[in-house]
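The structure under discussion appears below in the form of C-alpha cells.
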Amino acid sequence: TTIAIRESYPSQPDQFIIDKSFVFAIRERTTNTLLFIGQVLNPEID
Numbered sequence: 001t002t003i004a005i006r007e008s009y010p011s012q013p014d015q016f017i018i019d020k021s022f023v024f025a026i027r028e029r030t031t032n033t034l035l036f037i038g039q040v041l042n043p044e045i046d
C-alpha cells in the first residue's frame, strides 16, 4: 500500500482503515533525502 501527501489539500481529508502492520517513511522531495523511517506492528486502537 502506498500513501502520498499532496501539496494541495481537499476540504475533507480522506479516511482509510489500516488493520495490518506497515512501514512508513518521510523524505525530503527535492533532494530525495530520507528523514525518517518507522514501522507500526500493531495498529489496533486501545
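Residue numbering for the sequence shown follows my numbering, beginning at 1 and increasing consecutively. C-beta atoms are modelled at their ideal positions from N, C-alpha and C, and glycine is treated no differently. As the structure is a computational prediction, the values presented were derived from the model and not from experiment.
9 Å Cβ cutoff met for residue i and residue j
| i | j | result |
| --- | --- | --- |
| Gln39 | Val23 | yes |
| Phe16 | Ala25 | no |
Cut-off 6 Å between Cβ atoms - residues of its own chain near residue i, not counting five sequence neighbours on either side
| i | result |
| --- | --- |
| Ile18 | Pro43 |
Delimiting residues of the beta strand (DSSP E) encompassing residue i
| i | result |
| --- | --- |
| Arg27 | 22 to 28 |
| Ile45 | Neither: Ile45 is in no beta strand (DSSP E) and is coded neither H nor E. |
Own chain residues within Cβ distance below 7 Å of residue i, not counting five before or after
| i | result |
| --- | --- |
| Arg27 | Thr33, Leu34, Leu35 |
| Leu41 | Ser21 |
| Arg29 | none |
| Thr31 | none |
Cα-Cα separation, residue i to residue j
| i | j | result |
| --- | --- | --- |
| Thr20 | Asp14 | The question names Thr, yet the displayed sequence has Lys at residue 20. Rounded to the nearest angstrom, the two C-alpha atoms are 18 Å apart. |
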